[in-house]
Structures are given as C-alpha cells and as structure tokens.
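Each remark here refers to the structure printed beneath this line.
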Amino acid sequence: MTTSPNTQIQPLSFAFDESTGQVSIGGVPLPELIKRHGTPLYIMDEETLRQMMQSYKSAFERYPAPVQVLFAAKANLTMGLCALIQQEGLGIDVVSGGEYYTALKSNFPTENLVFNGNNKTVDELELVIHHGIGLISVDNFHELTLIHQIAQQTGKRVDVVLRITPGIECHTHDYIKTGLLDSKFGFDLSRLSQVIDLITTDYNETIRLTGLHAHIGSQIFEIKPYVDLIEVMLNLFYNIREHYGLTLTHMNIGGGLGIAYQSQDDPPNVSDYANQVIDKLIDYAEKIDFPLPMLILEPGRSLVATAGTTLYRVGSTKVIPEINKTYVAVDGGMGDNIRPALYGAVYTALIANKYNEPHTRHVTLAGKYCESGDILIRDLLVPESIAPGDLVLVFGTGAYNYTMSSNYNRVPRPAMVLVNDGQSQVLIQRETYDDIIARDLIPESFLTQKVSAEN
Ligand code: LLP
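Next up, the structure:
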C-alpha cells in the first residue's frame, strides 16, 4: 500500500510504500536519490511544479482581457527551471542582472521578462535594454532618468509600468511587507503626477508608460488586500485618463499568495484568489467605465515552495537531561535554509527512513553551522529511535531556500534535482571544495614576501 501525501505541505508525488518501507518523491526512493546525488539535497517535484503553474494559468483563464503570469525568480531560479517555466507558458519577473542573465542564457523569450527592483544599476539596465525586456517596473526618479539615457543611446523606446506603494496593509512578517508608505520600494501616490508629467513630456520618445505595478507583501493569507489593491489601482487608472488622456493598459498586482508550511496554515487556494480578483476587476472597471486592463501576476512562493523538499542526514545528537532537551543535528542548516534563523519561519519535517514508526519524541532539529541560531525546527516530533544516519525530509523548501543560500563556514551548497516518473535530473550540481576556493587569490606580494623570507 502507498500512503498519499498531505498535498497542502508535501509534494504531489510524495509516497510511502508499505512493502518496501521506503519513501519516494517523483517515483524515486530516497536511498536511490542519495546514491545518485548525496545529501543534503534539494528535491524539486516536477509534477507539483507543473500542476501549480497550470492551476494559476487556468484559474485566470476566464478573465476577459489578457493575463500574464510571471514567476518571481527570486523564489528559485535555475536554467532548467527557466526551461520548464517557458514550457508552461509563464513569464519571469527578474530583479537583478544575474536573474536576467540566467533567463537569457536559457533562451527564455526576453519579451516575457519583467525587470523589478528598487536600485537597478546602470550595468543591469544596459544589459536588459540592450538584449530586450518586456517591461521594466520603474521604482524611482533616478532609475527613470537612467532608462531615458540608455534608451536614448540605443535608440530604443522602453515599455514601463510604475511601481507604486498603494498604502495597503496585510498581515505578514515586517521584513516582507512592501505595500506601505514607509517602504523602500516604489513611488508613493503623492509623487505619481510628477513622474507621469516627466514621462509624457521630456521622456516621451524613450519611455512608454503602459501601467502600474504594486506588490503588497509575501506569505499573505487574505484575499481582501488584493481586492482593495485593484480598487486603488483602477481609481488611479481612471484619474490618469482624466488628467492626461492616457489610458493605461497593464495592471501588475504582484505576488505574495501564501502557502501552508504547517498543517494549521490555511492559505487561500489559487482559484478563490483568481475568482475574487477577476470579479473585482470586472465589477469595478464597469462601475467606473474603464476598459479592462491586461492583468499581470508575479507569484513566487506559491508556485514553487511546496514542490521543494530538502533531504538531510542526521549526524550528531546531544541530550541535555537537565532541561529535557535533545538536539538532533543534520548535515545542512542555515547555509541552505536561512529562513528559520532570519524570519523565525516554521517548517514541517519527518524521519523518512522511519516513516512508519510513531513520531513521539520532541527534539530540536539543528544545523551544522557555527551559530547557536542555526536551528531548522525548534520542536520536531521524531521516532524514539532517532539515530545518526537517519534521513530527515523538510517540506516546503522550494522557495527562498536555494536562492537565499550561502557558503557560510565554507560549506558547499547542496545539489538540486528535479524528480519525476522514477527519474532524477540535476538542476544544479553540488558544489565542491574546489568551487569553494575557485575565486580565492593569494596576493602576489605575500608570495614574494615568503620567498624573500626564505632567502
Ligand atoms: N513581486 C515582487 C515585486 C516581489 O518583491 C516579490 C517578493 C514577489 C513578486 C514574489 O512574492 P511571493 O509570491 O514569493 O510571495 N525571502 C522572503 C520572501 C521575500 C519576498 C520578496 N519579494 C521569504 O523567504 O519569506
């Protein structure tokens, strides 16, 4: 018998086979994955990835105007994922030259790329304007001037939207709130007319204003802030048409939809989100007599987080009877998943090779990095027999894990594999110690000094 996954938290292809006693993802039993790729390992389930991408696309299908779903690359980007995203017909939201370059080198159509960010550098703007970009979401006056200058030099006219801070409150971690007046991102509404004046007069030859963009935060569980956002944006569209005779056609409402990291989390599903967004757009646009804009979305986490699982191996354990505490350390930690240390993020995990044993013992799942704060899960239930060599699967690690990883303590980053149908394919190779030192140089002068000392 095979146990089916908790699809809120676990990838769709997660399975436990009673007869072999083995957990598999994408049809590949974990021991096989370890034999091929080692641990720690980021495992991306292709079925979940494709299903999530398709569910976004189909949820918005009934919107009567065009819809563009952009994957927010910051959540997880590799060249292989770019190819998969392209196959599924999504675009990509990039926020750096590196993300753009990754897409470019995987032959991703540049017209389906949107460039975001609050401090795009001259080099980055030159790169994207030179090679092509669908839209730039302009964040500030400085950037507007740079785009104008670069476009002038290259003889191009660049399509832009303006990133605004719509003043919408949503309930999420302070670090990932972005839609408020006190935000480093975007134009606050009082500056908007000044920007539009500039674009429609001095920069008219080089910049074409197509719409507005807002992103109100991340890991959001409510739909209402999005509905409110649409009203704010449509009112702005209306006023801009009144004042400038300019009918904006693009509305980018950002990303931010939350996911379940734990069983008590109850995020909205994509189709409820889509339905409320679409209904509001249709109703309100009709009310103010404004043509329906093209709708742009930028989900990151909700597309990829649940598809990702991290596989670790248990090493040392430390029992402190005085305070009734057990630390179980794995071969990864804050270098491959900084989110618990940075945001107090909570994850769900299980001991895969003892899946059938009751998980009744409370332990603290620690990483191997030299920081007391390197704790992956503060209170995890594991089998009483937990021991070195056991396999830990942490769920929901497909977003903001690899992309926020580091070589802290000079630990090589794990490999990332894509699994499906019994196959595993490498998306990113495991780093080696040679990768770790690849960019180090010993200053010439030290070498000379050494020689002269010997003389
Ligand atoms: N669009 C813009 C302009 C953004 O800034 C973001 C995320 C997204 C889209 C995608 O948001 P998502 O759908 O993934 O929530 N490192 C944090 C999350 C930071 C989100 C930053 N911006 C974390 O690990 O929770």
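Counting the sequence shown from 1 gives a position; my numbering is that position plus 1.
No residue lacks a Cβ here, since even glycine has one placed at the ideal position from N, Cα and C.
State the DSSP-derived secondary structure class of residue i, mapped to helix, strand or coil.
| i | result |
| --- | --- |
| A306 | coil |
| Y328 | strand |
| K319 | strand |
| A350 | strand |
| F188 | strand |
| P30 | strand |
| L193 | helix |
| Q265 | coil |
| T111 | helix |
| A16 | strand |
| I254 | coil |
| L364 | According to the sequence displayed, residue 364 carries Val and not Leu. In this structure, V364 counts as strand in the three-state DSSP scheme. |
| P341 | helix |
| H216 | coil |
| I376 | strand |
| D436 | helix |
| V129 | helix |
| G336 | coil |
| F396 | strand |
| I137 | strand |
| A73 | strand |
| F142 | helix |
| V96 | coil |
| Q426 | strand |
| S386 | coil |
| V412 | coil |
| Y403 | helix |
| I221 | strand |
Can you have a look at residue i and say buried or exposed, based on whether 16 or more other CB atoms are within 10 angstroms of its CB?
| i | result |
| --- | --- |
| A330 | buried |
| V364 | buried |
| I321 | exposed |
| A388 | exposed |
| G99 | exposed |
| P294 | buried |
| A215 | buried |
| H143 | exposed |
| S272 | exposed |
| P65 | exposed |
| P415 | buried |
| H337 | Reading the sequence as shown, one finds Asp at residue 337 and not His. The residue is buried, with at least 16 neighbouring Cβ atoms inside 10 Å. |
| D375 | buried |
| R340 | buried |
| P110 | exposed |
| A286 | buried |
| A400 | buried |
| D203 | exposed |
| A439 | exposed |
What number of angstroms, rounded off, separates the C-alpha of residue i from the C-alpha of residue j?
| i | j | result |
| --- | --- | --- |
| L351 | L382 | 8 Å |
| V159 | T207 | 6 Å |
| T3 | A16 | 6 Å |
| A342 | Y274 | 30 Å |
| S407 | G39 | 19 Å |
| P444 | C371 | 28 Å |
| G255 | Y434 | 39 Å |
| F447 | E299 | 50 Å |
| L190 | V228 | 18 Å |
| K36 | G334 | 21 Å |
| N77 | D198 | 37 Å |
| M80 | P167 | 34 Å |
| A73 | I324 | 43 Å |
| V233 | V68 | 19 Å |
| D391 | A367 | 14 Å |
| Y409 | I289 | 54 Å |
| R164 | P413 | 37 Å |
| I151 | N141 | 16 Å |
| T201 | H244 | 12 Å |
| L304 | L50 | 7 Å |
| S386 | T8 | 27 Å |
For the putative contact between residue i and residue j, defined by C-beta atoms under 8 Å, what is the C-beta separation to the nearest angstrom?
| i | j | result |
| --- | --- | --- |
| F186 | L235 | F186 to L235, Cβ: 21 Å. No contact. |
| Y356 | V24 | 5 Å |
| I93 | L114 | 5 Å |
| T361 | I10 | So it is not a contact: roughly 20 Å between Cβ atoms. |
| V162 | N253 | 6 Å |
| G301 | H251 | Their Cβ separation, rounded to whole angstroms, is 19 Å, which puts G301 and H251 out of contact at 8 Å. |
| Y403 | Y43 | 6 Å |
| P41 | Y313 | 5 Å |
| L247 | L210 | 7 Å |
Quick check: is the beta carbon of residue i nearer than 8 Å to any beta carbon in chain D?
| i | result |
| --- | --- |
| L213 | Among the protein chains of the structure shown there is no chain D, as only one such chain exists. |
Looking at residue i and the ligand ZN, is the gap between the Cβ and the nearest heavy atom below 7 Å?
| i | result |
| --- | --- |
| Y344 | The ligand content of the structure shown is limited to the ligand LLP, which means the ligand ZN is not among them. |
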